[in-house]
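**Q** Would you mind keeping the following structure in view while I ask a few things?
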Amino acid sequence: MSREIILSTVSFHLPSRKETLESNLERAHEYVEEAMERDSDICCLPEFFTVFGVEDYDKALSESVSKTKLILDGFSKIAAKGKLYLIINIPEKEGEFIYNTAFLFDRNGEVIGKYRKTHLAPGEEEKIEEADAYPVFKTDFGIIGIMICMDIHFPEVSRIYGLKDVDVLFWPTMSYGPSDDFLLTLLRSKAMDNQYYCVASNYSEIPYLPGKEMGRACVVAPDGNIISDTGYRPGIATIKVNLDEGYDYWATGDYKKKYPRLKECFYKRRKPETYGELVKR
Numbered sequence: 000m001s002r003e004i005i006l007s008t009v010s011f012h013l014p015s016r017k018e019t020l021e022s023n024l025e026r027a028h029e030y031v032e033e034a035m036e037r038d039s040d041i042c043c044l045p046e047f048f049t050v051f052g053v054e055d056y057d058k059a060l061s062e063s064v065s066k067t068k069l070i071l072d073g074f075s076k077i078a079a080k081g082k083l084y085l086i087i088n089i090p091e092k093e094g095e096f097i098y099n100t101a102f103l104f105d106r107n108g109e110v111i112g113k114y115r116k117t118h119l120a121p122g123e124e125e126k127i128e129e130a131d132a133y134p135v136f137k138t139d140f141g142i143i144g145i146m147i148c149m150d151i152h153f154p155e156v157s158r159i160y161g162l163k164d165v166d167v168l169f170w171p172t173m174s175y176g177p178s179d180d181f182l183l184t185l186l187r188s189k190a191m192d193n194q195y196y197c198v199a200s201n202y203s204e205i206p207y208l209p210g211k212e213m214g215r216a217c218v219v220a221p222d223g224n225i226i227s228d229t230g231y232r233p234g235i236a237t238i239k240v241n242l243d244e245g246y247d248y249w250a251t252g253d254y255k256k257k258y259p260r261l262k263e264c265f266y267k268r269r270k271p272e273t274y275g276e277l278v279k280r
């Protein structure tokens, strides 16, 4: 039986830089409700949506972590109502530390895991603690992983997830820059090198101009093609995919039997005994 699922990812509208926790939560709930209407199996929201776009960042961060349980309870009810998996990326406080955390809800609205950002952007460490683990999560359709924003610039992260046999890697972010080509090329390369689906969620400012939030919430297939995309506009990218299809290797004969898909070719021909320099500082 094929593993067909419906993936949804959000390009979160940022109408101003004077948002509030309440306005961001209301908008986030609306996006998830729309994903539910599309019969999505899983939906991803962007990085730090409870605080992003709020004028006083320090105050917003403090307010968000003080209301973590309330925020989680709200999304738990929505996930359970829609019978979908849901990824939300918010600040989380544990002890004296604040983490950049992506929570994963199952179809019953239970938190079944979380990923904490490991590679912080310059300056982020002033408020946020870095983490050091790359957990994967088993769902009823396959295995998923999560990386957050800056993590994408470190290929070791995506390869670790490949070695853990993920089917889909989600990337909530708040990335911006002079163009979208740079970031989308990074995302497409992760999908091709590791032979799994990659899903990005970001923010959108209208009109899009260099240096503003670009949108481009999208789904990338293992062949590197962007198969669903919001473009520069806010909204949701949704598509049905078959996780069992993979990307066929173009060889013939015995090589085709040995490596039916590129995934088998890439992973079976690795030479980890030569990669020691990667972990030298």
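In numbering that gives the first Met the number 0, the protein residues as written are 0 to 280. Think of the CB as a built atom: it goes at the ideal place given N, C-alpha and C, for glycine as much as any other residue.
#1: For the candidate residues Gly245, Tyr207, Ser203 and Glu212, whose alpha-carbon lies nearest to that of glycine 223?
#2: Excluding the five sequence neighbours on either side, which residues of its own chain have a C-beta within less than 8 Å of the C-beta of lysine 166, listed in chain order?
#3: With distance defined between alpha-carbon atoms, name the residue in Pro233, Ser200 and Asn193 nearest to arginine 268.
#4: Please classify proline 281 as buried or exposed, where buried requires at least 16 neighbouring CB atoms within 10 angstroms.
#5: Mind reading off the beta-carbon distance from methionine 213 to aspartate 179? Whole number of angstroms is fine, and I expect it under 8 Å.
#6: Could you check whether the region 251-261 touches the region 18-26, counting it as contact only if at least three pairs of C-beta atoms, one from each stretch, sit closer than 8 Å?
#7: Would you say cysteine 43 and phenylalanine 136 are within 7 Å of each other, going by their C-beta atoms?
#8: Is it right to say aspartate 38 is buried, meaning 16 or more other beta carbons lie within 10 angstroms of its own, or is it exposed?
#9: Tell me, please, which residues DSSP counts as bridged to valine 9.
#10: So glycine 81 is in the alpha helix (DSSP H); what residue range does that whole segment cover?
#11: Candidates Lys92, Lys68 and Lys116: which alpha carbon is nearest valine 110's?
#12: Please confirm whether any heavy atom of the ligand ZN lies closer than 6 Å to the CB of leucine 44.
#13: Rank Val278, Pro209, Ile89 and Arg16 by C-alpha distance to the C-alpha of phenylalanine 74 and give the top, closest one.
#14: Taking DSSP's pairing of strands, which residues face leucine 168 in a bridge?
#15: Please report the distance separating the alpha-carbon of valine 198 from that of leucine 6.
#16: Which residues bound the beta strand (DSSP E) around lysine 92?
#17: Can you tell me the Cα-Cα spacing of proline 121 and proline 221, whole angstroms?
#18: Report, in whole angstroms, the separation of the C-beta atoms of serine 10 and alanine 216, which I expect to be a contact under 8 Å.
**A** In short, the structure shows the following:
#1: Sequence index remark: in the sequence shown, residue 223 carries index 224 (1-based). With distances taken between Cα atoms, glycine 223 lies closest to Gly245.
#2: Here residue 166 is taken as the residue at index 167 of the sequence shown, counted from 1. Rather than lysine, the amino acid found at residue 166 in this sequence is aspartate. The residues are Arg2, Phe140, Gly141, Ile142, Ile143, Tyr195, Tyr196 and Leu242.
#3: The residue you call residue 268 lines up with position 269 of the sequence shown. Comparing Cα positions, the closest option is Asn193.
#4: Because the chain here runs from 0 to 280, residue 281 falls outside it and cannot be looked at.
#5: Numbered from its first residue, the sequence shown carries residue 213 at position 214. Numbered from its first residue, the sequence shown carries residue 179 at position 180. Confirmed, Cβ separation roughly 5 Å.
#6: no
#7: By 1-based counting over the sequence shown, the position of residue 43 is 44. By 1-based counting over the sequence shown, the position of residue 136 is 137. No, the pair does not count as a contact, with Cβ atoms beyond the cut-off.
#8: Residue numbering aside, residue 38 sits at position 39 when the sequence shown is read from its first letter. Burial call: exposed.
#9: Within the sequence shown, numbered from 1, the residue matching residue 9 stands at position 10. Answer is Ile235, bridged to valine 9.
#10: In the sequence shown, counting from the first residue as 1, residue 81 sits at position 82. 67-81 is the span of the alpha helix (DSSP H), which, as asked, contains glycine 81.
#11: As a working mapping, residue 110 is identified with position 111 in the sequence shown. Looking at the Cα atoms, Lys68 is the closest of the given residues.
#12: Looking for the ligand ZN in the displayed structure turns up nothing, as the structure carries no ligands at all.
#13: Here residue 74 is taken as the residue at index 75 of the sequence shown, counted from 1. Ranking Val278, Pro209, Ile89 and Arg16 by Cα distance to phenylalanine 74 puts Ile89 first.
#14: The residue labelled residue 168 in the question sits at position 169 within the sequence shown. Answer by DSSP bridge pairing, in chain order: Gly144 and Cys197.
#15: Start at 1 with the first residue of the sequence shown, and residue 198 comes out as number 199. Start at 1 with the first residue of the sequence shown, and residue 6 comes out as number 7. Approximately 8 Å between the Cα atoms of the pair.
#16: Counting from 1 along the sequence shown, the entry for residue 92 is found at position 93. Residues 84-93.
#17: The sequence position of residue 121 within the sequence shown is 122, counting from 1. The sequence position of residue 221 within the sequence shown is 222, counting from 1. Roughly 31 Å between the two C-alpha positions.
#18: As a position in the sequence shown, residue 10 is number 11, starting the count at 1. As a position in the sequence shown, residue 216 is number 217, starting the count at 1. With a Cβ gap of about 4 Å, serine 10 and alanine 216 count as contacting.
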